[in-house]
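One structure is given below, encoded as structure tokens.
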Amino acid sequence: MSEISAEVMVVNPLGIHARPAAALVQAALKFQSEVYIHFRGDTVNAKSIMGLLTLGAAQGSRLRVICSGPDAEEALAAVRQIFATGFGEIKTDAQVRE
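Sequential numbering from 7 applies to the sequence shown in our numbering.
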């Protein structure tokens, strides 16, 4: 079983707090693969909301997502997408105009 990883950046203004952590856990739980987040020397299970909250990752923080298992590529893609979209907390121009 190979391990794959990618760097992601926290783009939402409030960083990883309860709501983004819950969204990340929900996404990670959809996969059989192990999903871990590494930040500043700590590695936590992305399926653990408490672990994610202990990271204290603020906006602009760069983290490493590490996945291993039968659907690791899909899991990594899903987690990268969640980070890229700011956990759904970033308003687009269209949403602001509504």
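Don't be surprised by glycine CBs; every beta carbon is placed ideally from N, CA and C.
Assigned exposure category for residue i - 16 Cβ within 10 Å defines buried
i      : result
ALA24  : exposed
PRO19  : exposed
VAL102 : The pLDDT assigned to VAL102 is 43, lower than 50, so where the model puts this residue is not dependable; a value taken from the coordinates is nonetheless given after this. Classification for VAL102: exposed.
SER39  : buried
Three-state secondary structure (DSSP) of residue i
i     : result
VAL31 : helix
VAL85 : helix
PRO76 : coil
ALA12 : strand
Rounded Cβ spacing between residue i and residue j (contact assumed at less than 8 Å)
i     : j     : result
ALA28 : ILE55 : 6 Å
VAL41 : VAL71 : 7 Å
GLY21 : GLN65 : 5 Å
Which listed residue (the options) has its alpha carbon closest to that of residue i
i     : options                    : result
ASP77 : PHE37, ASP48, ASN51, MET15 : PHE37
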